[in-house]
Every structure is written in C-alpha cells, then in structure tokens.
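In mature numbering (1 follows the signal peptide of the UniProt record, and there is no 0), the protein residues as written are -25 to -1, 1 to 256. Below is one structure, written out as structure tokens; comments come after it.
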Amino acid sequence: MSDAVVRRRAASYALVVALAATAVAGCSGGDEEPSSEPSTTAPATPPTAGPPPKPPQDGACYRLSFRQALAPTSAKKPTPCGEPHTSETYAVGTLDTVAEGHLLAVDSERVQAQVAEACPDALLPFVGGDRAALRLSMIRPVWFTPSVEESDEGAHWYRCDVVVVAGDGQLAQPDTSLEGALDKPELRDRYAMCGTAAPDAERFERVICSADHSWRAIQVVPYDARTYPGERAVREQLASPCEDAGLDVAADPLDYEWGYEYPTEEQWEMGQTYGLCWAPD
C-alpha cells in the first residue's frame, strides 16, 4: 500500500485528508519478489538427445491475461502485433545459471534476480521518453524464464515483455508496437497514469488516461536519500513541489486541489524511491 494526501487551496481554507491508496506497482511482474522456495542448486543436466528448445522471438506479441502476465513462465503462442495484443517482447537474453561450479535451478532466487534487474533496465530504451515519463505512465515490464522442464532440456533464455496496465487487474490491448511510445505525444497521453478519483479516495483506481478519469499524475519527485528516511520525511518533501505542480495546471490560482503519494518503506526497498504529484484533470 502507498499513502496519499490531497489538499485544496482556497482563499479562505485548506483541507487535508490522508488515506491509503492502492499502488499499481504491485500489478506487474517487475514488483513480484522472486520465489525462494525452489532449491538454489540443481544437479548437472544430463546429456539430451536433441537440441534445446528454441528461445522466444524478440519483437513477438502475445494475448496474455493479467494473471498470465504475472506468471514466471509462459506457453502462449505469439499473435500478430498489428492485431490487439496485451504484451510485446522487447528483449531476449541468456541466463547465467552457473555459480562457483554449481548449476543453479532456473527458478532459484539468484537466477530470477538476474531477470528482475535486466528487464526493467532494458525497458526505457525501448519505450523512449525519460524516466519521469515512464513513471507517470501505466507501462510496465514483465518477464519470463523457461520452465524447469525446458531448463532441463537445455533452455537458458529469459524474455522481457512490455504491458500497459489499463486498470485494476486489466491490461490494455494495443494494436501497434510500443517501441518509442513515450516519444509520441498521442501514445504518451493515452497510456499516462490517471485516477478515477482523488488518490486518497476510497473509490480511487489507477487507469490509463484514455479511460474515464478525474485526476492525473502530473509530476515525479525523486528522493536523494539512499535509505528510507521515514514517513514524515517523505511526506514533507512532497508538499511544496506538488503544491507548485498543482498550481501550474490549475484553472483558478486561488481555488485548486492537488495531491501526492509517497512510498512506504517496503515500496522503497523494492525501488520506488520517488513520490507522485496529482491534480484534477
């Protein structure tokens, strides 16, 4: 859970409400912690009679459900990228499954951590824009590795896919590639992060801005601290820049609302070292 604050600036009063809001970061494969249940080592793979399974094709598209997009493996067949799809492969790489002479299981924490770092790092160069634009969007990375059976047959690839979270438990269905999407104003606005209500409201849901919405994430505020500075500190650092950001987009400089979301300590440890400013849209 992330925390949110909404304020209204008026000539005669200011209103402050703080409630919890659902974080979209937990809706992508980039925020799932690697499983620690499987053994971290595996016996050497015995010789196989045939060649290993072919790696997935870079640039392929798939029709995955939200649940399938969060799974560690995928057996879905590609679909034409010119037709509606929910995921697109933007990188395919090779896993390092040997450590200190031992063969690691493909589902071990160490192997999965490789992909959890490589795929997010490769996303920004693919979708374009800058890091702030990506954080203000609903574009997310997910990734897949071979199944244990495929790994036993010699498969050592990993696959990075890009998805767009349309809403709670829903994926958008682009009918074109997302390559360079954040460099294109129309696509950047279509897949931007919006909300069905103020971020502290009970009925708040993150949605893409092409859907019905009433609030929009308007600015990213990064923190300089290397470790979580505490809830009070992360809140205080957002108040002034988010008020200024809200004023910049306000129709009436004497009566306007703005809001902000700040990360919890758990989210900070998972890489969300920034806050978001919100305003009515």
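Built from N, CA and C at the ideal position, the CB exists for glycine as well.
In this model, residue 157 and residue 110 are separated by some 11 angstroms (Cα to Cα). A Cβ-Cβ distance of about 17 angstroms is found for the pair residue 69 and residue 34, leaving them out of contact under the 8 angstroms criterion. DSSP, reduced to helix, strand and coil, places residue 83 outside both helices and strands of the structure shown, so it counts as coil. Contact check for residue 217 against residue 235 passes: the beta carbons are separated by less than 8 angstroms.
Under DSSP, residue 146 forms a beta bridge with 140.
According to the DSSP assignment, residue 63 belongs to the beta strand (DSSP E) that extends over 62 to 69. The Cβ atoms of residue 150 and residue 59 lie closer than 8 angstroms to each other. Per the coordinates, the alpha-carbon of residue 103 lies some 12 angstroms from the alpha-carbon of residue 112.
Taking 8 angstroms as the cut-off, the beta carbon of residue 121 is found no closer than this to the beta carbon of residue 94.
With distances taken between CA atoms, residue 144 lies nearest to 39 out of 39, 28 and 25.
Residue 100 is not a Cβ neighbour of residue 190, given a cutoff of 8 angstroms.
Here residue 242 carries a helix assignment [DSSP, helix/strand/coil]. Taking a C-beta distance under 8 angstroms as the contact criterion, residue 153 and residue 192 do not qualify as a contact pair.
Around residue 106, the same chain offers 99 as residues with beta carbons nearer than 7 angstroms, after the five sequence neighbours per side are excluded.
The three-state reading of DSSP puts residue 205 in coil, since its state is none of H, G, I, E or B.
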